[in-house]
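Peer 1: In this note's numbering, the protein residues as written are 206 to 391.
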């Protein structure tokens, strides 16, 4: 069993156990959120061609315990080159599901020339939560990812694409926000 599959199984088991715990409480009101494929595809098409475009479709509260954000991200080469991409999130776990394109993702290591994202920035409040960016990642492990692949990136883990193998890579992104820092967007 690959590490990716094992990580996905652990994540799904954790979510299932949490949902089971919530469903065993008779006074819990459950709200289901569905993001349809046509909305995901429209967001992906609208943002293609930009260096980085992160379209936040929803951020919902799960039982008041944590928030879950759903985004579509598109990254494109600019003048034939992969734009710099190095970030770390303090409290948000990210789950990528690659829809189209291929690229080399670096995970781990340290950020070079790390700069804190201002706490009042829309990036912190609406998109990714508190964290830092850098020029690039020193060290870390490189993974080639493509359509159908799922990547789980825990908090405090530097990550970024260093080489797009295709002109554009598009992925859905689920952000698990245990500190409830992201603004709700229904």
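Using N, Cα and C, we set each Cβ at its ideal position, and we do this for glycine too.
(1) Could you tell me the distance, in whole angstroms, from the CA atom of residue 391 to the CA atom of residue 286?
(2) Would you say the segment 351-369 touches the segment 300-319, given that touching needs at least three Cβ pairs under 8 angstroms?
(3) Can you tell me which residues form a DSSP beta bridge with residue 240?
(4) Where do the ends of the beta strand (DSSP E) carrying residue 384 lie?
(5) Could you name the residues that DSSP lists as bridge partners for residue 341?
(6) Going by C-alpha distance, which of 351, 280 and 334 is nearest residue 380?
(7) Verify whether the separation of the beta carbon atoms of residue 377 and residue 302 is less than 9 angstroms.
(8) Buried or exposed: residue 274, going by 16 or more other Cβ atoms within 10 Å of its Cβ?
(9) Less than 9 angstroms separating the beta-carbons of residue 296 and residue 375?
(10) Looking at residue 272 and residue 264, is the spacing between their C-beta atoms short of 9 angstroms?
(11) Using a Cβ-Cβ cutoff of less than 7 angstroms, which residues in the same chain neighbour residue 240 once the five nearest sequence positions on both sides are dropped?
(12) Measure the CB-CB distance between residue 257 and residue 290 and report whether it falls below 9 angstroms.
(13) When you compare each of 260, 251, 268 and 248 to residue 238 by their alpha carbons, which one comes out closest?
(14) If you reduce the DSSP assignment to three classes, tell me which class residue 272 lands in.
Peer 2: Quick look at the numbers:
(1) As a first step, residue 391 must be located in the chain shown, where it is residue number 186. As a first step, residue 286 must be located in the chain shown, where it is residue number 81. One Cα belongs to residue 391, the other to residue 286, and the distance between them is close to 35 angstroms.
(2) yes
(3) The count along the chain shown starts at 1 and reaches residue 240 at position 35. Bridge partners of residue 240: none, in fact.
(4) Position 179 of the chain shown, counted from the start, is the residue given in the question as residue 384. No beta strand (DSSP E) contains residue 384, which DSSP labels as neither H nor E.
(5) By 1-based counting over the chain shown, the position of residue 341 is 136. Per DSSP, none; premise fails for residue 341.
(6) For the purposes of this step, residue 380 is identified with residue 175 of the chain shown, where counting begins at 1. Per the Cα distances, 334.
(7) By 1-based counting over the chain shown, the position of residue 377 is 172. By 1-based counting over the chain shown, the position of residue 302 is 97. Yes.
(8) The count along the chain shown starts at 1 and reaches residue 274 at position 69. The residue in question, residue 274, is buried, as its Cβ has 16 or more Cβ neighbours within 10 Å.
(9) Taking the chain shown and counting its residues from 1, the one referred to as residue 296 is at position 91. Taking the chain shown and counting its residues from 1, the one referred to as residue 375 is at position 170. No, they are not a contact pair.
(10) On the chain shown, residue 264 is found 59 positions in, with the first residue counted as 1. On the chain shown, residue 272 is found 67 positions in, with the first residue counted as 1. Yes. Within cutoff.
(11) Sequence index remark: in the chain shown, residue 240 carries index 35 (1-based). Excluding positions up to five away in sequence, the list reads 262, 263 and 275.
(12) To locate residue 257, count along the chain shown from 1; it is residue 52. To locate residue 290, count along the chain shown from 1; it is residue 85. Cβ distance < 9 angstroms, so residue 257 and residue 290 count as in contact.
(13) The residue you call residue 238 lines up with position 33 of the chain shown. Comparing Cα positions, the closest option is 268.
(14) Locating residue 272 in the chain shown gives position 67, where the first residue counts as 1. In the structure shown, residue 272 sits in a strand (DSSP, three-state: E or B).
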